[in-house]
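Worksheet: one structure, shown below.
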Amino acid sequence: MGRLIVTRLGLMLPTFVVMTAITFAVAHLAPGDPLQLSDDGQASAAAVDAARRELGLDRPLTARYVTWLSRLVRLDLGRSVVDRAPVTGRIGEALPRTVLVSGLALLLSVLCSIALGAFLAARQRSAAARFFSGALALASGVPSFWVAVLALLLLATPRGLELFPLQGLSSGPGAGVVDLAWHLVLPVFCLAWPTTALLTRFVREGVSTALEQDFVRAARARGIDERRVLLRHALPNAMVPVVTVIGLHLPHLVAGSVVIERVFGISGMGLLAFEAIGTRDYPVVMGVATVMAAVTLVSMLVTDVAAAFVDPRIRLPGSSS
Amino acid sequence: MRVAVEPSGFTRVHDRYAEGTMVRYTTGTIYETLARVDAVHPEGPLLPWLASSFTAGPELTIMLRPGVLFHDGSAFTSADVKAVLDAITDEKNPTISMRSSIGEIGSVETPDDGTVIVRWRSTPTPFAIRALLGAVPMMPSEALVGDFDTLPIHRAPIGTGPFRVASFVAGDRLVMERFDRHRDGALLDALVVRFVKDDTVAAQLWEKGEFDLMTRIPPAMWRAVESQPWAITGYHRLRIDENAYGWIGWNRQRPVFSDVRVRRALAMLYPAELIAKSLELGLESRVTCPFLLGSKSCDPAVTPIAFNPDGAMAVLDAAGWKDSDGDGVREKDGVRLAFSFLMVTSSQRMAKVVPLFQEQLRRAGVELTIEPVDAAQSIQRMRTHDFDAAAMSWSSADAVSDQYDLFHSSQAEGGKNYVSLNDRAIDGLLEAIRGATEDEPRQELERRLHRALFDDQVYLFLTARPALDAAKRRVHGLRPSLAGYDFAHVWVEP
Amino acid sequence: MSTRAGASVIALWLVVALSADFIASDLPIAVRVDGETFVLPFWVRPARLQTETQVSLRGKAEWMVGTLIGTGPLQTLATSGATRTDPLPWSPDERHWLGTDDIGRDVLARLVHGARVTLLIALGVVLLSSLLGVTLGALAGWKGGVVDLLLSRALEIASTFPTIFFLIVVVAALRTPSVGAVMLVLALTRWPEAARLMRAEVLKLKEIDFVLAARALGASDARILVRHLVPNALAPVIVSSTFAVGSAVLLESALSFLGLGVAPPTASWGELLQQAHRALVTPGAWWLAVFPGLAIASLVLATQAVGKGLERRFDGRR
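Residue numbers (the numbering used here), protein chains in the order written: chain D, 17 to 337; chain W, 28 to 521; chain S, 1095 to 1412.
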């Protein structure tokens, strides 16, 4: 396993460079210019050119990428072209929000999917199982923003039940944890919904495959009760794909869901990226891309290592005796 | 007290933060200018504000009002005026927008703390003087020291206005509290501006009762709430007729649009009444004039071109545009009467207007292809004249406005003459207007300009857009005017 | 949903998409007016009917075979013969069975024509991404070595990097989101899955008897790959492609929701749902949200059912 980690780490740097270079190139391909956005700016062509020179926007793409990379080495992500605020500050504001919302959503969907998946695998024929699998199929069939809009309409607007707040994560300065939790309910639920549907399928398949395997049959034959068989033997066996999926999900957790963030007005990473691209705010776009690329690489590493840990082939000899 | 407005920067001087008329809700209450637009007679001369008096002429002598304090407690003096003007005129600073509107300043002298003398390199236009007095916010000189681009004052403003900033959360809210040492004082203790970009969301929050003042209500909602008891009993509505209008521009570099008869026919195919009825809901008036609707600068004899598809087809036939190959689109000399329309995807209004227009054009044998682009791309392509037709709107916080950079042929490159209008007579009028120092002759010239622009059909002029606001019944003292609300005189019943 | 039901739903939508013009159109299927007969005028677009619609022809035609829905997807209140005066959007009535949007376009007509665009995009995405994925996956599996290493690496990154961020950047880089562009962009996000499956399958089959036999008989690499390996390794790709049709429909709707979808005034299901979000402003316009949502859900669920059915079938064969 040591070798695995070393190879992975060695490959990380070139991969990171390639990933950010592609994002850099594609982002700059977009027609438009951060300096020409305001209609009120009666900027003369000469003045705009001067400003472009100052920001280095007139230099060739490769040169600009190299400059960007050399600044990054010094941990300098630059300043936003739009409001001149440091990019790290903008990300520092957005990232915690996104991680909070997506993290809770991921936690919720992991817990739900393990419980549901095990239940569905163990009681395949029961009415409740049918209901849940039907509901999950339906969940994966509708767009999450549609659910979000309907949820807002029914549960948050004056026309509906007005149970939850409409927007954002806080009712104002100085609001407490209860207020935050109250704001989090709908976005977390809407974000967790599709992930739960996906993960449950993996867990159910894993558990039902495991339930048919010899070591489980052997455990049963030894008279260990069903619940124990399920929890101690079958479930850990089904965790490998789940861990992989969670690992692959980490970057999305950081990227946030631009759609959900937009509906609920949460200024997280998704919305930050979306708006930065809209205003051609290249430093911010690249800042977000950097964070995402880094998390992507780390999560790939973590997934590999974690999979090796959870892999039943390594653990089972000890635990099944 | 809450206001739903779009976010903006805080230093209007900075190019990035010049955000049009919406600044009046944020910076408008924090900063003050030397003079201000008369709320009753917006076309008339400016009223002194931070200045006690000023004498116009080739050089501008400004006497400052004594005893004015900044929010940080320091006194407002002529040195501050000079510092602000210096920052604007410094070529290195991103202040191009403000710099070009106040003209080329030669020197700023401060003989004493209470007097400022501004001299221009050449005779200033009336618009430059008006901009200098009425649009430049006054900031303390110490706050302008350092790298202009990253000054803290952009995020934490210090002005002389009746309210000062208590806290600011980007994308969420701006909390302002009364500045107790303001010379005239204010009635409200605090003012909270909530930034809600999305109309839909703002509407829901409004219905929940979260705003004392709801701004920028879409026409559809304005009408929809007329039948809602909560809105009728709880709110009074405010309508401000702003100096703002929408237009569709035809790029004159394209052969399709070179003939005035084509431009005229296109205007006849614009289903204005249908759009007024179904989208604007009768709240907007059609314009023909780039100046404030109903002002002395517009010729009242000019009437909009009426929707008349048969007439349009006759005009096109007469101009030689006929569908001879039977593909449903007219052509002339091998040029098809087809063009693309640059549509900003975030514009909900254009998402409705353009398909309605497109349908009428198609029936008349004109092909309009919608090209959806984001705002950044749209502006760049208009500046580089890389478009056929596009819609936009102009707005001005003042009733008196300069049209030079919109229509003068020299402004096609680098200015805002996106449609590449190149007309000698119009150029001459624009130059004459800039040279007119008296109001009456200037307005006469402006009326002639109005007629010339309309005859040319440089734009398909759409409608003047009023600002539709609503305030809770307990809010008093909100007086709609072109100059915006004067929040110093607003009070709220407990 | 059973496999059979799923297949029927997909078939139904395909039929609707293909015959959209016959279901809802501004011009009739056939008409005789002023002594002249026009057949399929919505395709031919005769000059004589340039300013006509089914509504305007109703009075003057000698006879007319109209479409089920009397208005086309682009016909607004200006030409749809609207008589209602209440504010738009209009709720369902006998003229507009599923109501109208905020410029008076018939929701059902747009749904029917939207099916065409949405299905075209979804199928195009799956086809494109499968083609790319199968080629690259087979290559990686077959060649091994450095090729495999590089491709697997690219694959891992492409499947881990946040899709939506990538989509937003790419869409901004395009001048205009046409149907083809949206298809291409979405295909870029799905190919790694097809490639991964293909690579695994090829690796498995590489060592199996018939491949070794073919090789022993002196068949070229390309021939073995194209004639023997790929056809036998396709099963998992086909299964995943079926599921992918559903995800492509969902992704298209998300793109449209962000205003990055197909150019207006073209109708697609995602574009219809995007309008539904605005329906919050005009409270109670539920028909804008409910019907496109149901259409999407029915198609996605159907593809999932069929995918599951195929999965069982291929598993059984093995």
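Every residue, glycine too, gets a C-beta built ideally from N, C-alpha and C.
inquiry  = Here's a check: name, in chain order, each residue in its chain whose Cβ is nearer than 7 Å to the Cβ of D:Val201, leaving out the five neighbours to either side.
reply    = Closer than 7 Å at the Cβ level, and outside the excluded window around D:Val201, lie Phe180.
query = Just reading off the beta strand (DSSP E) that S:Thr1147 is part of, what are its end residues?
reply = DSSP places S:Thr1147 outside any beta strand (DSSP E), giving it a letter other than H or E.
ask   = Along chain D, which residues have their Cβ under 8 Å away from the Cβ of S:Ser1253?
value = Leu264, listed in chain order.
request  = Would you check whether the ligand ZN has a heavy atom nearer than 7 Å to the C-beta of W:Leu495?
outcome  = What this structure holds is no ligand at all, so the ligand ZN is not there to describe.
request  = Kindly list the residues whose CB is nearer than 6 Å to the CB of W:Arg474, restricted to its own chain and excluding five residues on each side of it in sequence; keep chain order.
outcome  = Taken in chain order, the residues that qualify are Asp326.
key: W:Gln404 versus D:Pro47: straight-line alpha-carbon distance, rounded   = Each residue's alpha carbon lies about 5 Å from the other.
ask   = What did DSSP end up calling W:Ser254 once you bin it into helix, strand or coil?
value = Helix, per DSSP.
ask   = Taking just the CA atoms, how far does S:Ile1251 sit from S:Gly1239?
value = Spanning the two alpha carbons is a distance of roughly 19 Å.
inquiry  = Any beta carbon of chain W sitting closer than 8 Å to that of D:Gly294?
reply    = At least one chain W Cβ lies under 8 Å of D:Gly294.
ask   = With DSSP run on the structure shown, which of helix, strand or coil describes S:Glu1295?
value = Looking at S:Glu1295 - three-state DSSP - the assignment turns out to be helix.
task = Provide the residue(s) that pair with W:Thr396 in DSSP beta bridges, ordered along the chain.
result = DSSP output for W:Thr396 lists W:Ser367 as bridge partner(s).
ask   = Which partner residues of W:Pro496 appear in the DSSP bridge assignment?
value = Here the sequence assigns Asp to residue 496 of chain W, which means Pro is not the residue at that position. Checking the DSSP bridge columns, you'll see W:Asp496 partnered with W:Leu265.
request  = State the CB to CB distance for the pair W:Val95 and W:Leu112, rounded to an integer number of angstroms; the pair is presumed to be in contact (CB under 8 Å).
outcome  = Beta-carbon to beta-carbon, W:Val95 and W:Leu112 are separated by about 17 Å, too far to satisfy the 8 Å threshold.
task = State the Cα-Cα distance for the pair S:Ala1307 and S:Gln1398, rounded to the nearest angstrom.
result = Those two C-alpha atoms are separated by around 38 Å.
inquiry  = Does the contact criterion of 3 or more C-beta pairs under 8 Å hold for the segment 1333-1345 of chain S versus the segment 1277-1290 of chain S?
reply    = Output reads yes: the segment 1277-1290 of chain S touches the segment 1333-1345 of chain S.
request  = Answer yes or no: does any C-beta atom of chain S fall closer than 8 Å to that of W:Gly12?
outcome  = As displayed, chain W neither begins before 28 nor continues past 521, which places residue 12 of chain W out of reach and without an answer.
ask   = Under 8 Å, do S:Val1276 and S:Val1356 count as touching if we go by C-beta distance?
value = Result yes, Cβ atoms of S:Val1276 and S:Val1356 sit closer than 8 Å.
inquiry  = Could you compute how far the alpha carbon of D:Met316 sits from the alpha carbon of W:Ser168?
reply    = So the two alpha carbons sit approximately 53 Å from each other.
ask   = With DSSP run on the structure shown, which of helix, strand or coil describes D:Phe290?
value = In this structure, D:Phe290 counts as helix in the three-state DSSP scheme.
ask   = What residues in its chain sit with their C-beta under 8 Å from that of S:Asp1242, if we drop five residues either side in the sequence?
value = Cβ within range, chain order: Ala1234, Gly1235 and Arg1293.
key: Cβ neighbour criterion (16 or more within 10 Å) applied to D:Ala95   = It is worth fixing the name first, because residue 95 of chain D is Arg in this sequence and not Ala. Around the CB of D:Arg95, 16 or more other CB atoms lie within 10 Å, so the residue is classed as buried.
query = How should D:His268 be labelled, buried or exposed, when 16 other C-beta atoms within 10 angstroms of its C-beta is the threshold for buried?
reply = It counts as buried.
message = I need the straight-line Cα distance from D:Pro174 to S:Arg1178, nearest angstrom please.
response = Straight-line Cα distance between these residues: approximately 28 Å.
task = Tell me whether the beta-carbon of W:Met409 lies closer than 8 Å to the beta-carbon of W:Tyr431.
result = No, the Cβ-Cβ distance between W:Met409 and W:Tyr431 is not below 8 Å.
key: S:Val1331 classed as buried or exposed, judged by whether at least 16 other C-beta atoms fall within 10 angstroms   = Counting every other CB atom within 10 Å of its CB across the protein chains shown gives S:Val1331 a total of 16 or more, marking it as buried.
message = Against S:His1207, what residues of chain D qualify as contacts under a CB-to-CB distance less than 7 Å, listed in chain order?
response = Residues of chain D whose Cβ lies closer than 7 Å to the Cβ of S:His1207 do not exist; the shortest such Cβ separation is about 20 Å.
request  = In the DSSP assignment, find the unbroken beta strand (DSSP E) run with W:Tyr486 in it and report its ends.
outcome  = For W:Tyr486, the enclosing beta strand (DSSP E) has its first and last residue at Tyr486 to Ala491.
query = Using DSSP with H/G/I as helix, E/B as strand and the rest coil, what is W:Thr54?
reply = Residue state, collapsed to three classes: helix.
Rounded Cβ spacing between S:Glu1295 and S:Ala1327 (contact assumed at less than 8 Å) = With a Cβ gap of about 4 Å, S:Glu1295 and S:Ala1327 count as contacting.
ask   = Given that a residue counts as buried once 16 or more other Cβ atoms are within 10 Å of its Cβ, and exposed if not, what is D:Leu140?
value = Here residue 140 of chain D is Gln; the residue named in the question, Leu, does not match the sequence. Counting other Cβ atoms within 10 Å of its Cβ, D:Gln140 stays below 16 and is therefore classed as exposed.
ask   = Is the CB of D:Thr173 under 8 Å away from at least one CB in chain W?
value = Answer yes: the Cβ-Cβ gap between D:Thr173 and chain W drops below 8 Å somewhere.
query = Considering only C-alpha positions, which residue in the set D:Val318, D:Val307, D:Leu171 and D:Arg278 is nearest to D:Leu93?
reply = If we check each option's Cα against that of D:Leu93, D:Val307 comes out closest.
query = Are the beta-carbon atoms of W:Ala494 and W:Thr242 separated by less than 8 Å?
reply = In contact: W:Ala494 and W:Thr242 (Cβ atoms closer than 8 Å).
ask   = Do D:Ala309 and D:Met35 come within 8 Å of each other at the CB atom, strictly closer than that value?
value = A distance below 8 Å separates the beta carbons of D:Met35 and D:Ala309.
ask   = Just by C-beta distance, which residues in the segment 1152-1170 of chain S are closer than 8 Å to chain D?
value = Hits within the stretch: zero.
request  = Spell out whether any CB of chain W is found under 8 Å from the CB atom of S:Gly1403.
outcome  = It does not; no Cβ of chain W falls within 8 Å.
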